[in-house]
Amino acid sequence: MVITLLYVLIFLLTLLLFHLVKMRSEVPRKRAKLPPGSMGWPYIGETLQLYSQDPNTFFASKQQRYGEIFKTHILGYPCVMLARPEAAKFVLVTQAHLFKPTYPKSKERLIGPSALFFNQGDYHIRLRKLVQGSLSLDAIRNLVADIEAVAVSASSSWSSGQMINTFHEMKKYSFEVGILAIFGHLEACLREELKNNYSIVDKGYNSLPTNIPGTPYKKALLAREKLSKILSDIVSERKEKKLVENDLLGCLLNSKDDKGEVLRDDQIADNIIGVLFAAQDTTASVMTWIVKYLHDEPKLLEAVKAEQMEIRRLNEENNQPLTWRQTRNMPISYKVVLESLRMASIISFTFREAVADVEYKGYLIPKGWKVMPLFRNIHHNPEFFTDPQKFDPSRFEVAPKPNTFMPFGSGIHACPGNELAKLEILIMVHHLVTNFGWEIVGSESGIQYGPFPVPRNGLPARFWRESITC
Ligand code: HEM
Ligand SMILES: *[C@@H]1O[C@H](CO)[C@@H](O)[C@H](O)[C@H]1NC(C)=O
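Residue numbering for the sequence shown follows the working numbering, beginning at 887 and increasing consecutively.
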């Protein structure tokens, strides 16, 4: 009797336990629902809408309808867009392990699968340390004189009276600075081969991915193979001469993992191409915007000019070149750079992919879905930046609220090149305002997305030398 009762009790307890466990496992599924939003057509989804207009317009209309978190379909994937600073932090920083980077395969093929931004976990941490180290303040402070020389030579043809495409000119400059950070001084002949082949790869990034011979994408793939060859030539020369340098290539070559293994040639090549890619158009588009913003705000230009002329006067007096310390003490110009980064928000958003079902604020983000932190929306939200459409560097006299200013992203994949980018921009500003005057050709304004936002047609402009006596 007692035993029977005990059995019944155990049976009942087991049932209860089973039920509890079942309920527990069901709780999040039951409670969490998908975010609001419309999905559009399955494959094309709302991609066309996103890419055919200012991304802000797309997001703003969505945000108005659905709030700060909503679902949509982009490039064939279901996707959740996030427009709150704390949501961006959740995805990029605190729960970064639940969200892996994701890029189109066609881009990964051109750059190389071992490049930093495609990876996660131990390999990413190892490579990131190397890249970050070679682009740290301590490393780049030694580059000031070389970067200045690049700025001088890149702009030497500007005052010929011809109209120039500002964006193209800035791309030449940012490419050369990238080469400097990666290789230090590179033999002119190798540099030319690298530059010419890379410019073919560059044309492939935004073209239709296809293997048909003669198409820009196919040509880019072939040029990418040549780049591998050139890079391995550079590497074997370094090994032969036993050169130990502390530029990026040197760091990559010297690295050994805990088992003493060095990096493979393809891992080195992928990361070098990756850095060239990450460094060029980004920095060039910001500088193009600065040329426009300064042109449009004569008072501001005067203030920047006064700041930079004072530095130049001092340097001419002491017969010295621009110094690292001076680049760290350009308060007006620096705020112009920050405000340009905010205003132009050239990386409007980024993509991650959920590696598991994730719940955020009561919403379910299913495994495999993409998530997009919307940097540009955050940068243009009046709640965080009053009068957001106004170009006002003085707003940076007060530090922005946490997680509201992310021109370089955030967390484990945040831009390791951000200090170099700001340094080369400041050096260009110094050189620009102390040597040149400029006017923008054509009054048409407008933005082109290629894919970074740049003033239409690359901002055609005419530059002339201003022989100012200090
Ligand atoms: C104004 C110029 C630049 C801007 C606005 C910018 C912005 C960004 C952003 C937003 C990310 C993160 C993307 C994400 O989380 O999905 C990133 C990553 C990266 N950037 Fe930059 N960047 C700039 C210049 C540079 C330069 C000059 C370099 C190198 C010399 C560079 C190298 C990289 C690399 C290697 C990554 C990948 C990091 C990783 O995945 O761990 N960037 N950049
Ligand atoms: C591309 O690189 C190869 C070396 O692998 C070189 O022979 C060729 O001239 C380069 N192409 C251009 C357009 O410079």
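Just so you know, even glycine gets a beta-carbon here, dropped at the ideal spot from N, CA and C.
So, with DSSP's three-state summary, where would you put residue i?
| i | result |
| --- | --- |
| ASN1051 | strand |
| GLU1126 | helix |
| GLU1269 | coil |
| ARG1351 | strand |
| GLN1334 | strand |
| PHE1061 | helix |
| ARG970 | coil |
| GLU912 | Unreliable placement is indicated for GLU912, whose pLDDT of 41 sits below 50; the coordinate value is still reported in the next sentence. Three-state DSSP puts GLU912 in a helix. |
| VAL1327 | coil |
| HIS1316 | helix |
| TYR1238 | Sequence inspection shows Arg at residue 1238; the Tyr mentioned does not correspond to that position. DSSP places ARG1238 in strand when its eight states are reduced to three. |
| LEU1250 | strand |
| CYS965 | strand |
| GLU1245 | strand |
| HIS1071 | coil |
| SER1085 | helix |
| LYS1287 | coil |
| MET1195 | helix |
Please state whether the Cβ-Cβ distance between residue i and residue j is less than 9 angstroms.
| i | j | result |
| --- | --- | --- |
| ALA1067 | TYR1084 | no |
| MET1173 | MET1314 | yes |
| LEU996 | LEU1134 | no |
| VAL1161 | GLY1295 | no |
| TYR963 | LYS1256 | yes |
| LYS1125 | LEU1139 | yes |
| TYR1261 | ILE1233 | Residue identity differs from the one stated: residue 1261 is Phe in this sequence, not Tyr. Yes, the pair counts as a contact, with Cβ atoms nearer than the cut-off. |
| ASN1289 | GLU972 | yes |
| GLU919 | GLY1254 | Checking the sequence, you will find Lys at residue 919 rather than Glu. No. Outside cutoff. |
Taking its Cβ as the centre, do 16 or more other Cβ atoms sit within 10 Å of residue i, making it buried, or is it exposed?
| i | result |
| --- | --- |
| ASP1144 | exposed |
| ASN1005 | buried |
| ILE1158 | buried |
| GLU954 | buried |
| ALA1242 | exposed |
| VAL1148 | exposed |
| GLY1344 | buried |
| ASP1151 | exposed |
| ILE1011 | exposed |
| MET925 | exposed |
| GLN1166 | buried |
| GLU1078 | exposed |
Find the nearest neighbour of residue i within the set the options, judged by alpha-carbon distance.
| i | options | result |
| --- | --- | --- |
| GLY1332 | ALA1230, PRO1268 and ALA1285 | ALA1230 |
| ARG1198 | GLU994, LEU1318 and PHE1338 | LEU1318 |
| GLY1064 | THR958, LEU1250 and THR1168 | THR1168 |
| PRO921 | THR958, LYS1287, VAL1038 and TYR1059 | THR958 |
| PHE1349 | GLY1336, TYR1335, PRO1337 and VAL1327 | VAL1327 |
| VAL1177 | ILE960, PRO1341, PHE1003 and LYS991 | PRO1341 |
| SER1329 | ALA1347, GLN1194, PRO1099 and GLY1336 | ALA1347 |
Whose beta carbon lies closer than 6 angstroms to any heavy atom of ligand 2, going through the chain in order?
GLU1079, ASN1082, ASN1083, LYS1112, LYS1115 and ILE1116
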